[in-house]
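J.:
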Amino acid sequence: MCGIIGYIGRRNAVPILISSLKRLEYRGYDSAGIAFFMNGRIEMRRCAGKIKDLESSIKGQRLRGPLGIGHTRWATHGRPTEENAHPHRAGGVVVVHNGIIENYLELKESLIKRGHRFRSETDTEVACHLISSCLQKGLNLEEATREALRHIRGAYALAIISESEPDKIIAVKKDSPLVIGLGRDEFFVASDIPAFLNHTRDVVIPDNGEIAVVTGQGVRFTDMDGRPLKKKTLRITWSPRMAEKGGYRHFMLKEIFEQPRAIADTIRGRVFPEKGEVNLKEFSLDSRMLRGFKKIFLVACGTSWHAALVGKYMIEGMARVPCEVDIASEFRYRRPIIPEDCLVIVITQSGETADTLAAQREARRQGAMVLSICNVVGSTSSREADAVFYTHSGPEIGVASTKAFTSQLVALYILSIALARARGVLDAAEAVELFNELLSLPEKVEKALGLNDYIKKIARRFYKVRDFLYLGRGINYPIALEGALKLKEISYIHAEGYPAGEMKHGPIALIDDNVPVLTIVPNDELYEKMLSNIEEVRSRGGRVIAVTTGDNKRISDVASWTIFLPESNYYLMPVIFSIPMHLLAYHIAVLRKCNVDQPRNLAKSVTVE
Ligand code: F6R
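With the working numbering applied, the sequence shown covers 18 to 626.
The structure is reproduced here in structure tokens:
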């Protein structure tokens with residue numbers, strides 16, 4: 018996830034670009050850059066690091082221009098270095114990009130054969146070269162952009178400027194956010210409204226496949242065939258202050274609501290759904306390798322460890338490879354036996370967790386191949402691993418992990434299918450069905466998020482309790498653990514996750530009116546057993562919140578509160594069940610006036626043992 022900005026108007030573009038980038042910094046903050054017209058030529062300034070580093074690097078320079086573009090980066094392709102920082106340039110064409118160009122490798126190869134020289138490791142640079150080569154054929158910038166886009170597959174919001182036409186910015190959108198701001202004699206292009214909210218509240222939101230030609234006189238919209246479009250102007254009612262977290266009160270809430278997008282980005286480019294195949298090249302894997310593994314270890318900490326527990330059900334269930342799950346801080350001290358022909362999968366949002374890195378190093382020392390499921394490009398885990406599956410959740414700023422967790426589950430689902438296909442235990446038709454379900458997941462998660470108000474009501478009933486119990490079974494038992502962890506870390510309520518069948522072996526002694534019990538009840542073969550567990554709680558005076566799917570109407574008779582979620586297949590239900598866990602913990606913490614984004618004693622990335 019990155020942030021893009023463009024400005025054209027009567028004022029000096031440079032300070033406007035810098036201050037807008039600061040407002041977009043929540044979208045990415047590993048490198049940044051600007052490009053602007055000065056004396057008829059495009060000047061660029063870029064650097065690794067945050068916007069304030071870019072700002073200090075240009076301090077004292079007399080930079081002025083009426084038009085420019087800028088970018089703040091969350092690296093996906095290529096490390097966060099100055100060379101990989103946007104804007105990118107080819108000839109007189111300069112581009113900033115948010116999104117992923119899926120077919121950049123093949124485009125790059127063919128451009129190199131035609132004599133183009135690349136300066137960065139990014140996917141974005143192919144867009145500059147393509148547009149520049151179309152300009153050389155005699156097309157104008159708008160036509161050249163349109164022609165270049167015919168060759169590009171993937172998601173993008175692009176802002177493009179060219180020395181051949183120094184009076185305009187071209188902006189295009191497909192599956193990445195883009196908004197156009199209409200000021201008085203000045204116009205803006207941005208990934209998000211907060212970028213220019215202190216200059217104008219009048220915005221136009223382009224749809225997929227639309228092109229905006231922005232000049233000092235106004236904005237013209239066309240479709241991909243050049244047909245003119247009439248667009249509606251919206252008046253935004255937000256205040257600039259609210260918008261600092263994208264309009265959300267906390268980063269955590271914003272990140273909870275970003276999950277449909279994070280999941281879609283984690284899937285994009287990774288699967289060939291119609292063929293029932295996984296794009297193994299993306300992860301430097303091949304089928305022969307995947308066939309060879311006799312055993313898999315899944316190693317992680319905290320929330321990522323909960324993802325690993327779900328991963329065991331996915332891998333063993335779909336690919337029939339035995340799995341062991343380890344808490345990373347325990348792994349090397351138990352002197353693990355890591356046989357030859359085994360794969361160690363480490364799961365880490367930050368890629369910097371000390372215990373996970375130590376476990377990863379132990380696995381490699383014993384000769385195992387390590388695959389890292391990681392969210393931060395260029396992190397230590399990703400650099401030291403033999404193969405990497407990047408989750409494209411975007412920067413996670415709230416300390417409590419939410420969108421990174423569900424993206425990890427999606428990554429494990431895709432890997433399980435890859436393993437199962439390579440080992441011949443899943444045929445193409447079965448894989449197509451599993452992919453179809455995966456592709457509908459963002460929409461189902463969106464629906465689950467629609468229950469926010471109802472979950473807030475439940476939170477109001479329970480935010481004063483001292484203890485909470487979460488029960489689940491099978492693949493959803495780790496979601497009970499995750500629900501309990503979310504609650505305890507941000508609200509400081511003592512919470513425990515338990516396998517529902519274990520209740521009668523001890524914890525049932527805790528049940529009374531003061532200990533609410535949240536039960537996760539999927540529509541599977543354990544449904545009746547979960548109902549009996551709920552009855553056991555009820556008959557001891559416990560209050561039950563049941564989280565279930567649309568078809569399980571019998572549940573409302575036995576539970577005090579029932580949350581009905583959209584249904585998915587057995588392996589993807591944990592993703593959907595995670596949503597109410599996040600929302601309930603969030604609302605309870607807010608009601609208790611806790612610091613949701615920075616809970617006491619915790620840090621986002623635990624780099625000490
Ligand atoms: C809980 C949480 C932590 C992390 C854990 C591992 O909400 O965020 O439990 O999951 O510290 O961090 P990563 O995934 O960065 O290795």
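Just so it is clear, CB atoms sit at the ideal spot from N, CA and C, and this is done for glycine as well.
(1) Enumerate, from N- to C-terminal direction, the unbroken beta strand (DSSP E) stretches of 3 or more residues contained entirely within the region 69 to 94.
(2) Identify which residue in 213, 302 and 163 has its Cα closest to the Cα of residue 41.
(3) In chain order, what residues of the same chain lie with their CB nearer than 7 Å to the CB of residue 598, ignoring the 5 residues before and after it?
(4) Three or more C-beta pairs under 8 Å: does that hold for the region 364 to 372 against the region 393 to 404?
(5) Three-state secondary structure (DSSP) at residue 470?
(6) I'd like the list of long-range same chain contacts for residue 358, defined as Cβ closer than 7 Å, with 5 residues on each side in sequence excluded.
(7) Identify the continuous alpha helix (DSSP H) that holds residue 420 and give its terminal residues.
(8) Mapping DSSP to helix, strand and coil, what is residue 115?
(9) Any heavy atom of ligand 1 within a distance shorter than 7 Å of the CB on residue 367?
(10) Under 8 Å, do residue 82 and residue 161 count as touching if we go by C-beta distance?
(11) How many angstroms separate the CA atom of residue 39 from the CA atom of residue 20?
(12) Helix, strand or coil: which one does DSSP assign to residue 133?
(13) Provide the residue span of the beta strand (DSSP E) that contains residue 54, from first to last.
(14) Who are residue 194's beta bridge partners in DSSP?
(15) Can you determine whether any heavy atom of ligand 1 sits closer than 7 Å to the C-beta of residue 707, and answer yes or no?
(16) Quick check: what's the CA-CA separation for residue 229 versus residue 531?
(17) Taking Cβ to Cβ, would you say residue 290 is nearer than 8 Å to residue 452?
(18) What do you get for residue 223, buried or exposed, if any count of 16 or more other CB atoms within 10 angstroms of its CB means buried?
(19) Distance, Cα to Cα, residue 454 vs residue 432?
(20) Where do the ends of the beta strand (DSSP E) carrying residue 503 lie?
(21) Can you list, in chain order, the residues of its chain with a C-beta nearer than 7 Å to that of residue 28? Leave out the 5 residues immediately preceding and following it.
(22) What separation, rounded to the nearest whole angstrom, lies between the Cα atoms of residue 617 and residue 481?
(23) Over the uninterrupted beta strand (DSSP E) stretch that includes residue 402, give me the two end residues.
(24) Quick check on the DSSP output: the beta strand (DSSP E) that includes residue 597 runs from which residue to which?
(25) If you measure from the CB of residue 373, is any heavy atom of ligand 1 nearer than 7 Å?
(26) Considering only heavy atoms of ligand 1, does any lie closer than 7 Å to the CB of residue 504?
(27) Under 7 Å: does the beta carbon of residue 281 sit that close to some heavy atom of ligand 1?
(28) In three-state DSSP terms, what is residue 319?
(29) Within 7 Å: the Cβ of residue 370 and any heavy atom of ligand 1?
(30) Mapping DSSP to helix, strand and coil, what is residue 248?
(31) Measuring from the CB of residue 319, is there a heavy atom of ligand 1 at a distance below 7 Å?
(32) Give every residue of the same chain whose Cβ lies closer than 8 Å to the Cβ of residue 571, excluding the five residues on either side of it in the sequence, and list them in chain order.
(33) Tell whether a beta-carbon distance below 8 Å holds between residue 115 and residue 208.
(34) What are the boundary residues of the beta strand (DSSP E) that residue 535 is part of?
(35) Can you find a heavy atom of ligand 1 that lies under 7 Å from the Cβ of residue 399?
(36) Counting along the chain, where does the beta strand (DSSP E) carrying residue 512 start and finish?
T.: With the structure as the only source:
(1) Qualifying beta strand (DSSP E) stretches, in chain order: 84 to 90.
(2) Among 213, 302 and 163, the Cα nearest to that of residue 41 is on 213.
(3) So the list reads 496, 499, 500 and 503, once near-sequence residues are dropped.
(4) The count of Cβ pairs closer than 8 Å, one atom from the region 364 to 372 and one from the region 393 to 404, reaches three, so the stretches are in contact.
(5) Looking at residue 470 - three-state DSSP - the assignment turns out to be helix.
(6) For residue 358, where only same-chain residues beyond five positions count, the Cβ hits under 7 Å are 309, 310 and 311.
(7) For residue 420, the enclosing alpha helix (DSSP H) covers residues 420 to 439.
(8) The answer is strand: DSSP assigns residue 115 an E or B state.
(9) True, at least one ligand heavy atom lies under 7 Å from that Cβ.
(10) Cβ atoms of residue 82 and residue 161: not closer than 8 Å.
(11) Taking the straight line joining both Cα atoms gives about 10 Å.
(12) Here residue 133 sits in coil by DSSP.
(13) For residue 54, the enclosing beta strand (DSSP E) has its first and last residue at 48 to 55.
(14) Note: residue 194 sits in no beta bridge, so no partner.
(15) Residue 707 is absent from the structure shown; the chain starts at 18 and stops at 626.
(16) Rounded to whole angstroms, the separation of the alpha carbons of residue 531 and residue 229 is 58 Å.
(17) Judged by beta-carbon spacing, residue 452 lies within the 8 Å limit of residue 290, meaning their Cβ atoms are closer than that value.
(18) Residue 223 should be labelled buried.
(19) So the two alpha carbons sit approximately 15 Å from each other.
(20) No beta strand (DSSP E) holds residue 503; the alpha helix (DSSP H) holding it covers 494 to 508.
(21) So the qualifying residues of the chain are 203.
(22) Rounded to the nearest angstrom, the two C-alpha atoms are 19 Å apart.
(23) Counting along the chain, residue 402 falls outside any beta strand (DSSP E), and DSSP gives it neither H nor E.
(24) It is not in any beta strand (DSSP E) - residue 597 instead sits in the alpha helix (DSSP H) that spans 590 to 608.
(25) For residue 373, the distance from the CB to the nearest heavy atom of ligand 1 is below 7 Å.
(26) Relative to the non-hydrogen atoms of ligand 1, the Cβ of residue 504 never comes closer than 7 Å to any of them.
(27) Between ligand 1 and the CB of residue 281, the shortest heavy atom gap is not smaller than 7 Å.
(28) DSSP places residue 319 in helix when its eight states are reduced to three.
(29) It does: the Cβ of residue 370 is within 7 Å (strictly closer) of some heavy atom of ligand 1.
(30) Residue 248 falls in the coil class under three-state DSSP.
(31) At least one heavy atom of ligand 1 is nearer than 7 Å to the Cβ of residue 319, so yes.
(32) The beta carbon of residue 571 is closer than 8 Å to those of 548 in its chain, skipping five residues each way along the sequence.
(33) Against a cut-off of 8 Å, the Cβ pair of residue 208 and residue 115 comes out as a contact.
(34) In the DSSP assignment, residue 535 falls within the beta strand (DSSP E) that extends over 534 to 538.
(35) Not so, every heavy atom of ligand 1 lies at least 7 Å from the Cβ.
(36) Per DSSP, residue 512 belongs to the beta strand (DSSP E) from 511 to 516.
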